[in-house]
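Right, one structure below, let's go through it.
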Amino acid sequence: MNVNSTDLASQKPLESPAKVPAHQHVYERVRKLILFGDLAPGQAVTIQGLAETLDAGMTPVREALRRLIAEGALVHQGNRRVSVPVLDLEGVNELEFMRKTLEAELAQRATSRMSETVLNELAQVDDALNHAIDRGDIGEYLTQNYRFHTIVNTCAEAPILAATVDRLWLMFGPSLRVVCGRFGTSNLPDKHADLLAAFREGDAAKAAQAMAEDVSQGMVQIRASL
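Take 936 as the starting number for the sequence shown in our numbering and just add one per residue.
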């Protein structure tokens, strides 16, 4: 039986998806440790210690830390140590201004792009967030809160703004974990219901205002913890 080149091509195995580089994998893992406050503000860690904790090589750990230092999520302490920056009052004020400006703009842009599917996803995430508050589950609260905001930011279809906001979250995330640890989750502000209502109404101005208020309330708590 003759087999032509087309037949052979059809029998070629599918290419496997590209493997994630080791430094990228390590970067994402360390980033989560910072974002959700598993590395506390001021806590110093060594490159070797992180490599052992993550069961990773020294080279990918160094590369991941270099990226996170460039993003302002870590500071170099010397002697192969890095730490999460400790926010001061001026830093909190700057972060609040930038978050209110950028996240309100993203919420406004997201309003006209919000589909029923995304709205339902946001509602489910907010339900999970509220359950976490009821249980006093700080880790789950932080995870679902970040997820909620990320969905909104992605829906805005403004990748430069969204990427900038994502870097800002790395700078205040550890402090938010401290706030939750000190005061619990039962009294945490929640403007998500107002935001969801604004999205359903298609009211961009109201959505921007709800997001700005949500940001402000969270940053007020961080400021108070100082």
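Even glycine gets a Cβ: it sits at the ideal position worked out from N, Cα and C.
Note that this is a predicted model, so its numbers are computed, not measured.
What separation, rounded to the nearest whole angstrom, lies between the Cα atoms of D990 and A957? 11 Å
Self-check item: Extent of the continuous alpha helix (DSSP H) run through R1015
Solution: R1015 -> no alpha helix (DSSP H), and no H or E assigned at all.
Practice prompt. On the DSSP bridge assignment, give the partners of A979 in chain order.
Written response: S1018
TODO: Please confirm whether A1139 and K1126 have their CB atoms less than 7 Å apart.
DONE: no
Task: CB-CB length for I969 against L1105, believed under 8 Å - done: 6 Å
- request: Apply the 10 Å Cβ neighbour rule to I1073 and answer buried if 16 or more other Cβ atoms are within range, or exposed otherwise.
  value: buried
Q. Would a C-beta distance cut-off of 7 Å place A999 and V965 closer than the cut-off?
A. yes
| query | Going by beta carbon distance, what residues of the same chain come within less than 7 Å of T941, once the five residues before and after it are set aside? | reply | Residue confidence for T941 is low, a pLDDT of 41 falling below 50, so the modelled location carries little weight; the figure read from the coordinates is stated next. Closer than 7 Å at the Cβ level, and outside the excluded window around T941, lies no residue.
field: Neighbourhood of R1082 by C-beta, 6 Å cutoff - its chain only, sequence neighbours within 5 removed
entry: V1060
Point to revise | For F1107, the nearest candidate out of Q1156, F1134, E963 and V980 (CA to CA) | key: Q1156
| query | Looking at the structure shown, is G1026 part of a helix, part of a strand, or coil, going by DSSP? | reply | helix
Euclidean distance between Cα positions of L1022 and E1029 | 10 Å
Grab the span of the alpha helix (DSSP H) containing V1087 for me, first residue to last. I1073 to C1090
Apart from the five residues on each side of it in sequence, which residues of its chain come closer than 7 Å, Cβ to Cβ, to R1002? Y962
Report task. Specify whether the stretch 1034-1049 and the stretch 1086-1099 touch according to this definition: at least 3 beta carbon pairs, one from each stretch, less than 8 Å apart. Result -> yes
- Message: Checking 7 Å against the spacing of the C-beta atoms, do P1109 and A1005 come in under that value?
- Response: no
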